[in-house]
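*Asks:* Just so we're aligned: 151 in the working numbering is position 76 of the sequence shown, and the numbers increase by one with no gaps anywhere. Can you read through this structure? Questions will come right after.
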Amino acid sequence: MTFMRTKMGYFLVGGIAVVLALFVLEPLLQQGTAIFGASSRTEVGSIDGEAIKYEQFNTKVEQTSAQFKQQYGGVMNPQMQAMAVDQAWQSEIATVVLGKEFDRVGLTVSADELFDLVQGKTPSPLITQYFGNPQTSEFDRTAVITSLKSRNQNPQLAQQWLMLESEIEKQALQQKYTKLISNSVYVSSLEANDEYVNRNKLVNFKYVNLD
Numbered sequence: 076m077t078f079m080r081t082k083m084g085y086f087l088v089g090g091i092a093v094v095l096a097l098f099v100l101e102p103l104l105q106q107g108t109a110i111f112g113a114s115s116r117t118e119v120g121s122i123d124g125e126a127i128k129y130e131q132f133n134t135k136v137e138q139t140s141a142q143f144k145q146q147y148g149g150v151m152n153p154q155m156q157a158m159a160v161d162q163a164w165q166s167e168i169a170t171v172v173l174g175k176e177f178d179r180v181g182l183t184v185s186a187d188e189l190f191d192l193v194q195g196k197t198p199s200p201l202i203t204q205y206f207g208n209p210q211t212s213e214f215d216r217t218a219v220i221t222s223l224k225s226r227n228q229n230p231q232l233a234q235q236w237l238m239l240e241s242e243i244e245k246q247a248l249q250q251k252y253t254k255l256i257s258n259s260v261y262v263s264s265l266e267a268n269d270e271y272v273n274r275n276k277l278v279n280f281k282y283v284n285l286d
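Structure below.
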């Protein structure tokens with residue numbers, strides 16, 4: 076039952092996250108990208124009691140925007156900028172809230188697992204998304220390796236890789252956590268039958284004729 080309560084808690088967190096994301100997005104949609112150049116605030120909000128610094132959040136938004144530009148090309152329009160803000164905020168939520176839970180239950184992603192997710196036989200969906208062959212739509216492992224080798228000479232690319240690997244690790248941890256929850260809330264046929272009987276006991280009643 077603890078895991079069920081925990082899982083329900085994250086559904087509530089998800090709902091709160093939408094409200095928080097809209098709170099952050101509203102001035103951005105009204106002012107374009109000016110909010111990131113003119114704001115004097117030191118914090119953009121808090122998650123689970125932990126303050127999110129403006130500089131920290133703005134850096135993540137800029138990194139996400141750079142990825143969007145690289146992936147889609149061209150200049151960021153207001154809609155894409157709003158998407159970058161939302162994605163950065165969701166990433167902060169995962170880092171703070173889920174990170175604490177991952178630590179509590181002892182979930183980790185090893186170096187070997189991360190290697191496999193980046194350039195091994197079972198690449199992360201994020202890798203296949205960014206490194207798909209435009210002609211065949213198939214995963215291009217050669218492009219991944221080439222990009223990894225190039226990051227030593229390109230600080231911006233190196234920063235993008237750090238962010239991408241961080242997101243890959245978070246996604247892997249979330250998958251492990253989901254599997255852990257699924258295994259923990261398994262209900263046997265006997266338990267299900269007991270629950271059915273108990274529920275039926277609760278709904279036994281008599282009608283009273285008022286005529």
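Virtual Cβ for every residue (Gly too), placed ideally from N, Cα, C.
According to DSSP, simplified to helix, strand and coil, what is Leu-285?
*Replies:* Counted from its first residue, the sequence shown places residue 285 at position 210. Residue confidence for Leu-285 is low, a pLDDT of 40 falling below 50, so the modelled location carries little weight; the figure read from the coordinates is stated next. Leu-285: coil per DSSP, three-state reduction.
*Asks:* Looking only at C-alpha atoms, which of Leu-255, Val-180, Leu-192 and Ile-168 sits nearest to Gly-120?
*Replies:* Stepping through the sequence shown from its first residue, residue 120 is reached at position 45. Closest option to Gly-120, Cα to Cα, is Ile-168.
*Asks:* What does the Cβ neighbour count give for Glu-213, buried or exposed, with the cut at 16 atoms within 10 Å?
*Replies:* Start at 1 with the first residue of the sequence shown, and residue 213 comes out as number 138. By the neighbour-count definition (other C-beta atoms within 10 Å, threshold 16), Glu-213 is an exposed residue.
*Asks:* Leaving out five residues on either side along the sequence, give the residues of the same chain with a beta carbon under 7 Å from the beta carbon of Gln-235.
*Replies:* As a first step, residue 235 must be located in the sequence shown, where it is residue number 160. Contacts found: Gln-138, Ala-141 and Gln-142.
*Asks:* Rounded to a whole number of angstroms, what is the C-alpha to C-alpha distance between Leu-232 and Arg-226?
*Replies:* Looking up residue 232 in the sequence shown gives position 157. Looking up residue 226 in the sequence shown gives position 151. So the alpha carbons of these two residues sit roughly 5 Å apart.
*Asks:* Find the nearest neighbour of Phe-206 within the set Leu-239, Leu-182 and Asn-229, judged by alpha-carbon distance.
*Replies:* Taking the first residue of the sequence shown as 1, we reach residue 206 at position 131. Looking at the Cα atoms, Leu-239 is the closest of the given residues.
*Asks:* Spell out a yes or no on whether the segment 239 to 258 and the segment 168 to 179 are touching, meaning 3 or more CB-CB pairs, one atom from each, closer than 8 Å.
*Replies:* yes
*Asks:* Is it the case that the Cβ atoms of Val-219 and Pro-198 are separated by a distance below 9 Å?
*Replies:* Your numbering for residue 219 matches position 144 in the sequence shown. Your numbering for residue 198 matches position 123 in the sequence shown. The answer is yes: Cβ separation under 9 Å.
*Asks:* State the Cα-Cα distance for the pair Ser-166 and Lys-135, rounded to the nearest angstrom.
*Replies:* As a working note, residue 166 is residue 91 in the sequence shown. As a working note, residue 135 is residue 60 in the sequence shown. If you take the alpha carbons of Ser-166 and Lys-135, they lie about 9 Å apart.
*Asks:* What separation, rounded to the nearest whole angstrom, lies between the Cα atoms of Asn-229 and Pro-153?
*Replies:* The residue labelled residue 229 in the question sits at position 154 within the sequence shown. The residue labelled residue 153 in the question sits at position 78 within the sequence shown. Each residue's Cα considered, the two are about 28 Å apart.
*Asks:* Classify Val-150 as helix, strand or coil using the three-state DSSP reduction.
*Replies:* Translated into positions along the sequence shown, residue 150 becomes position 75. If DSSP states are grouped into helix, strand and coil, Val-150 belongs with coil.
*Asks:* In terms of residue numbering, what span does the alpha helix (DSSP H) encompassing Val-193 cover?
*Replies:* Residue numbering aside, residue 193 sits at position 118 when the sequence shown is read from its first letter. Start and end: 186 to 194.
*Asks:* Are the beta-carbon atoms of Asp-123 and Val-172 separated by less than 9 Å?
*Replies:* For the purposes of this step, residue 123 is identified with residue 48 of the sequence shown, where counting begins at 1. For the purposes of this step, residue 172 is identified with residue 97 of the sequence shown, where counting begins at 1. A contact, by the Cβ cut-off of 9 Å.
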